[in-house]
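Right, one structure below, let's go through it.
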Amino acid sequence: MNPETACALIRSGDVLASNFGGSIPYALLDALADYSLEHLENVTLYLAGFYKQTKIAEAKYNRHITVKSCFLGPWERRAVAEGSDLSYQAMHLANINHDRLGKHRARVLLAAGSEPDEYGMISLGVAPFDPKLLDSSETVIVQVNRNMPFVYGADCQIPAERVTALVPLDEALPEMVMAPPNDAQRRIAGHIVERIPDGACVQFGIGGVSAAMGEALREKRDLGCHSEMLTEPIMALMKAGVINNSCKSFCPGRTVFTNALGTAVLYRFMDRNPALEAHPTAWLNDPRNIAKNDDMISVNGALCVDLTGQVCAESIGFRQFSGTGGQLDYVRGARWSKGGKSFLTLPSVHTDKAGVQHSNISLTLPMGSIVTTPRADVHYIVTEYGAADLQDEPVDVRAKRLIEIAHPDYRDELTFQAKKAGYIV
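Residue numbering for the sequence shown follows the numbering used here, starting at 360 and increasing by one per position.
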């Protein structure tokens, strides 16, 4: 179908669902936004994070289509700042099926995929949804994009015959060039890598620490990968033979992932690559599946931490900045893994808009901060000054170890505050 004909399958009052990041059908959503102005009211769209700009999040379409996202990125934050009623849906990504198949079940499912292959199968490419959603949705609309890599994985492909409408719309996939890491990020990665044995299974995402991990892990051998994100540092480690998945106790021989983001180089690498296997987020981020990997190493970022070990990774005060995402899924999966370790990383300080420096380790979290990872789940907190092992430690030990890895300018004040609060004697 052409986009307008496909959009006519959607009715006022409908609940829609799409997938994540690069597999959101951006061109189709732009067409739907335009169509909605004349034809639709009170439609709700549930998804999980835009990786490129789209009209449908803009305020002018709010009365027609409202977007609910379980992960916020720069495009969502921009839309909200410009008056959109786009709202954040608090959710662990491992629970996304529970929501999409239950409380917020969609009548219409929207996705981007590859051209059907010779067997009539469409690959959902860089970020698949769970095929179970096909059974729960009355209407399935797939934007067929010839730039989408054909990625393997039984749960990454759907038969064309199950799709209501195929809409041919080619567009470039979202791209992100990862900046080189700075010195602090390299030091953080160094504290982590020295605690990773050969043969371990790794997970890390996007950002400077991840770029530094890609550099530092080159000294390791026979690593595996079970990671929510597939990025260019992981690709580079695969090409170098460092990640070969030869020692994996779960899904051996394959790098498994649920969401890829990089440049065209990564997307070409993914196309029909038998060393890669995509799975729906709910399956891949299930801590029980993560824990099936021995020596599971989880590395994720944080924004701030208090002296008892509570971690905020998603809000700046009261302002929602990103999302709960899969952080706790991987923290818990690594904890349950035989020999597993989880690392939550952050620079010791940040500088605000006024140019004033602040410690990212404080007595209490800033007012309004969301606790993404509870202190009882935390294993290692890592700054450029070291790695603090907090797992199952009492509060006095936690406070002392966190102060040791805080920026030197703040250690005396943190010690004073910790004593005043009764955390340490």
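By construction, the Cβ of each residue, glycine as well, lies at the ideal position given by its N, Cα and C atoms.
Item: Strictly under 7 Å for the Cβ-Cβ distance: is VAL374 near chain E by that measure?; Value: As a matter of chain content, chain E is missing from the structure shown, which is built from one protein chain.
Item: Please classify ASP654: is it buried, with 16 or more other beta-carbons within 10 angstroms of its beta-carbon, or exposed?; Value: buried
Item: Hey, would you say GLY472 sits closer than 7 Å to GLU636, going by beta carbons?; Value: no
Item: Between which residues of its own chain and TRP434 is the CB-CB distance below 6 Å, once the five residues before and five after are set aside?; Value: PHE409 and GLN412
Item: Thinking C-alpha only, which one of PRO362, ASP665, GLY699 and SER707 is nearest ASN504?; Value: PRO362
Item: Three-state secondary structure (DSSP) at LYS697?; Value: coil
Item: Under 8 Å: do the stretch 752–761 and the stretch 775–782 share three or more Cβ pairs, one atom per stretch?; Value: yes
Item: From what residue to what residue does the beta strand (DSSP E) around ASP771 run?; Value: Per DSSP, ASP771 belongs to no beta strand (DSSP E); it is in the alpha helix (DSSP H), 770–780.
Item: So, using beta-carbon positions, are ALA392 and LYS427 closer together than 7 Å?; Value: no
Item: If you follow the alpha helix (DSSP H) that LYS462 is in, where does it begin and where does it stop?; Value: Counting along the chain, LYS462 falls outside any alpha helix (DSSP H), and DSSP gives it neither H nor E.
Item: Tell me which same chain residues have a C-beta within less than 7 Å of the C-beta of PRO725, skipping the five on either side of it?; Value: CYS663 and GLY676
Item: Note down, in chain order, each residue of its chain lying with its Cβ closer than 7 Å to the Cβ of VAL499, except the 5 sequence neighbours on either side.; Value: LEU468, LEU493, ARG521, VAL522 and THR523
Item: Of the choices CYS584, PHE488 and SER482, whose alpha-carbon is the least far from that of GLY564?; Value: CYS584
Item: Which value, in whole angstroms, describes the spacing of the CA atoms of ALA575 and VAL402?; Value: 47 Å
Item: Taking DSSP as the reference, what is the three-state secondary structure of ASN648?; Value: helix
Item: For TYR626, does the three-state DSSP call read helix, strand or coil?; Value: helix
Item: Tell me where the beta strand (DSSP E) around ILE517 begins and ends.; Value: 516–518
Item: Enumerate, from N- to C-terminal direction, the unbroken alpha helix (DSSP H) stretches of 4 or more residues contained entirely within the stretch 452–540.; Value: 491–495
Item: Assess, as a yes-or-no matter, whether the stretch 640–647 is touched by the stretch 548–566 under the definition of 3 or more beta carbon pairs within less than 8 Å.; Value: no
Item: Could you tell me the boundaries of the alpha helix (DSSP H) in which VAL439 lies?; Value: 433–440
Item: Beta-carbon within less than 7 Å of VAL439's beta-carbon, same chain only, minus the 5 sequence neighbours each way: which residues are those?; Value: LEU445
Item: Secondary structure at SER681, three-state DSSP: helix, strand or coil?; Value: coil
Item: Quick one: using the 10 Å Cβ neighbour count with 16 as the cut-off for buried, is HIS717 buried or exposed?; Value: exposed
Item: Using a 10 Å radius around the Cβ and a threshold of 16 neighbouring Cβ atoms, would you call VAL624 buried or exposed?; Value: exposed
Item: So GLN669 is in the alpha helix (DSSP H); what residue range does that whole segment cover?; Value: From DSSP, GLN669 is part of no alpha helix (DSSP H); its letter is neither H nor E.
Item: Let's see if you can read the secondary structure: which residues bound the alpha helix (DSSP H) around ALA571?; Value: 567–575
Item: If we ignore side chains and look at the alpha-carbon of each, how far apart do ALA486 and ASN659 end up?; Value: 19 Å
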